[in-house]
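There are 2 protein chains.
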Amino acid sequence: ATRPPPPPPQVIGIVGFGNFGQFLAATFVKQGHKVIGMSRGDYSAAATELGASYTRDAAVLVAAKPQVVIFCTSIMSLAMVLKAFPLAALADTLVVDVLSVKVHAAALLTELLPAAADILCTHPMFGPESGRAGWGGLPFVYDRLRVRDGPRCDRFLAVWAAEGCRMVEMSVSTHDAYAASTQFITHTTGRLLAGLGVGGTPINTKGYESLLGVVDTTIKDSFDLYYGLYKYNPMARAQLDRLEASFAAIRSRLDACEAAEADVAA
Amino acid sequence: ATRPPPPPPQVIGIVGFGNFGQFLAATFVKQGHKVIGMSRGDYSAAATELGASYTRDAAVLVAAKPQVVIFCTSIMSLAMVLKAFPLAALADTLVVDVLSVKVHAAALLTELLPAAADILCTHPMFGPESGRAGWGGLPFVYDRLRVRDGPRCDRFLAVWAAEGCRMVEMSVSTHDAYAASTQFITHTTGRLLAGLGVGGTPINTKGYESLLGVVDTTIKDSFDLYYGLYKYNPMARAQLDRLEASFAAIRSRLDACEAAEADVAA
Ligand SMILES: NC(=O)c1ccc[n+]([C@@H]2O[C@H](COP(=O)([O-])OP(=O)(O)OC[C@H]3O[C@@H](n4cnc5c(N)ncnc54)[C@H](OP(=O)(O)O)[C@@H]3O)[C@@H](O)[C@H]2O)c1
Ligand SMILES: NC(=O)c1ccc[n+]([C@@H]2O[C@H](COP(=O)([O-])OP(=O)(O)OC[C@H]3O[C@@H](n4cnc5c(N)ncnc54)[C@H](OP(=O)(O)O)[C@@H]3O)[C@@H](O)[C@H]2O)c1
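Taken in sequence, the protein lines are chains D and W. Take the first sequence: its letter number 234 is residue 237 in the numbering used here, and every next letter is one higher. Take the second sequence: its letter number 55 is residue 58 in the numbering used here, and every next letter is one higher.
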């Protein structure tokens, strides 16, 4: 597939400059955008290495007049981070979030941002592991929750399209329903198997090798992220319950086979 | 890797001509061996299509004087099948089994076969799905349990080596320990997820796609096979218990996070 060209240079603020924030910054810088990271920790050295600037002071970030500010904090901390931020300064800004749960993020942004700020809710469905070799073909989900400046939003979406992402426009609630049955289940499976202490043996099957790949990817994400997927996706708890029920069903089918075999033997 | 040439043509009997027995027959015939299948069902048409012959009568099979007879029945039925077979006729034969559990198969063969029969216990760690595109690089596990005619056994092992299998010599008990923590866990995971009714969504992640692959492969195997892995691998039950414990540990870590968050909010 041919990719559209990168959009004109933009000034992009990233609030929450952890694992995922830095991963995004690298590609934004590569495309020629000016990136300003902000977090609690001191990531100056990491930012310099990425070609981004860094501050722990929100006033410095807003003074740079970013066209786009991306909230990239842990799911759990978004409310707190928004409440501590000088949100009034974002009135003429496109505010974006990349949280892996979308109904929750959309509700917070709608409630707390000034009415004049535009809101784009997104979920890049990849990370430092799965997107290591590039973002081509990987799903980028977005919902234009409140967009008045269409061209500015389009320019930001063009950043992802230029990397070859598969652009999927989808409501935040549809996203959460799908994500609970796919991404949350994947993380749960990875953590379930990690708890067994799985590893290589001389006789790994192909299927087992795929599972090891899933374990590797999911355990590199923080437990905060996993907890956020569970707690702040309204559909996740039901999926966990269904997984438990599925386990119980297997157990009882095995028990039934055992009883039937014992009957035949008796 | 360069593959050794196929060995000289052999007459190979396959007892249990189901899913896996037919899969093996196809490759044996391709290499130029004469294959005679035997089962309860009527697989004459399938055998003809594969270029093998077929009988439901063990006397016909032994009358063909196969150098090798492979038991390829379900794990559960091996004891019964052996007891119904004219085993005395196998005195001058290499008897092979391909069951996915090896301690159990080795015990039965040792107990029931005439002392003059050679025994090779094997586990080809692939099947019609994972071996669809060929057997190159896939593990073939074997234990020369009781081999007096070395060259005959080597000729049979050469069938697998010629297909490019990774030849892994391993005791039956080491095999079962590894297989419980890899293959049984893989089948369990596949069935666990199948129980959720998983499927494609427009926003599948890479990790989720790998899980779907595992589901597809494992549910094509019979439940008898899965039950056999559970019941007749002495290490499997403990693995299922560990999986259940891992699930409970995740639940309680999530509950603890929830309680901690509620504390902060209060
Ligand atoms: N990792 C991925 O593959 C991926 C993919 C798509 C979307 N996402 C989303 O991206 C966001 C960030 O994910 P992540 O992988 O970097 O890990 P994370 O553990 O979910 O979030 C880490 C970030 O949250 C900040 N943070 C955590 N607690 C905070 C608090 N109490 N106050 C202020 N900031 C706080 C951290 O700041 P400090 O570093 O300063 O502590 C850090 O920047 C999440 O919402 C996640 O759902 C992640
Ligand atoms: N499928 C794989 O990928 C794979 C890989 C490696 C090893 N194996 C091993 O290969 C063996 C065969 O596996 P499979 O996939 O074909 O499925 P399976 O369900 O384990 O076994 C089916 C075979 O067992 C025979 N059988 C079942 N119950 C029987 C009974 N009561 N009396 C006589 N025969 C009976 C069937 O004969 P009828 O068809 O005549 O009913 C059929 O030939 C198993 O031991 C399995 O562990 C399988």
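Note that the Cβ used here is the ideal one computed from N, Cα and C, for glycine as well. These numbers come from a predicted model, not from an experiment.
Please go through the stretch 47-72 of chain W and give each complete alpha helix (DSSP H) segment of 4 or more residues, from N-terminal end onward.
47-53 and 61-66
Since Gly130(D) and Phe23(D) are thought to touch, with beta carbons under 8 Å apart, how far apart are those beta carbons, to the nearest angstrom?
6 Å
How many Å lie between Asp95(D) and Val84(D) at the Cα?
19 Å
With a Cβ-Cβ cutoff of 7 Å, do Phe187(W) and Ala252(W) count as a contact?
no
Below 7 Å on C-beta distance, what does Met195(D) contact in chain W?
Sequence check: residue 195(D) is Leu here, not Met. Those within 7 Å of Leu195(D) in chain W are Leu246, Ser249, Phe250 and Ile253.
Taking CB distances under 7 Å as the criterion, tell me whether Gln70(W) reaches chain D.
no
Could you have a look at Ile17(W) and say whether DSSP puts it in helix, strand or coil?
strand
What span of residues does the beta strand (DSSP E) with Asp146(W) cover, start to end?
Pro142 to Arg149
Run the CB neighbour count on Glu264(D), radius 10 Å, all protein chains shown included, and call it buried at 16 or more, exposed below.
exposed
Does the beta carbon of Pro9(W) come closer than 7 Å to any beta carbon on chain D?
no
Any beta carbon from chain W within less than 7 Å of Met83(D)'s own beta carbon?
no
Euclidean distance between Cα positions of Val150(D) and Thr113(D):
12 Å
When you compare each of Lys105(W), Gly137(W) and Val98(W) to Val71(W) by their alpha carbons, which one comes out closest?
Val98(W)
Taking the continuous alpha helix (DSSP H) assigned at Arg169(W), which residues delimit it?
Counting along the chain, Arg169(W) falls outside any alpha helix (DSSP H), though it belongs to the beta strand (DSSP E) covering Arg169 to Glu172.
According to DSSP, is Arg40(D) helix, strand or coil?
The sequence shown places Gly at residue 40(D), not Arg. Correct three-state label for Gly40(D): strand.
Let me know if Thr51(D) comes out buried or exposed under the rule of 16 or more other beta-carbons within 10 Å of its beta-carbon.
exposed
Is it the case that the CB of Leu169(W) approaches a heavy atom of ligand 2 more closely than 6 Å?
Here residue 169(W) is Arg; the residue named in the question, Leu, does not match the sequence. Flag unset: Cβ of Arg169(W) not near ligand 2.
With respect to the alpha helix (DSSP H) encompassing Val162(W), which residues constitute its N-terminal and C-terminal limits?
Gly153 to Ala165
Give a single yes or no on whether Leu160(W) has its beta carbon closer than 6 Å to a heavy atom of ligand 3.
Only ligand 1 and ligand 2 can be found as ligands here, which leaves ligand 3 out of the picture.
I need the boundaries of the beta strand (DSSP E) containing Leu97(W), first residue and last residue.
Leu97 to Asp100
Would Glu172(W) be called buried (16 or more neighbouring beta carbons within 10 Å of its own) or exposed?
exposed
Report yes or no: is there a C-beta of chain D within less than 7 Å of the C-beta of Val144(W)?
yes
Hey, how far is the Cα of Leu228(W) from the Cα of Arg6(D)?
47 Å
Using a Cβ-based criterion (distance less than 6 Å to any ligand heavy atom), does Pro127(W) qualify as near ligand 2?
yes
Pick from Asn236(D), Ala118(D) and Arg147(D) that is closest to Thr125(D), judged by C-alpha positions:
Arg147(D)
Pro142(D) classed as buried or exposed, judged by whether at least 16 other C-beta atoms fall within 10 angstroms:
buried
Select from Cys156(W), Glu132(W) and Ala110(W) the residue whose C-alpha is nearest the C-alpha of Pro11(W).
Cys156(W)
In the stretch 204-215 of chain W, which residues sit with their C-beta less than 8 Å from some C-beta in chain D, listed in chain order?
Thr204, Pro205, Ile206, Asn207, Thr208, Lys209, Gly210, Tyr211, Ser213 and Leu214
Find out if the Cβ-Cβ distance for the pair Ile78(W), Val104(W) is shorter than 7 Å.
yes
Is the Cβ of Leu232(W) closer than 7 Å to any Cβ of chain D?
no
Asp179(W) and Val63(W) - do their beta-carbons sit closer together than 7 Å?
no
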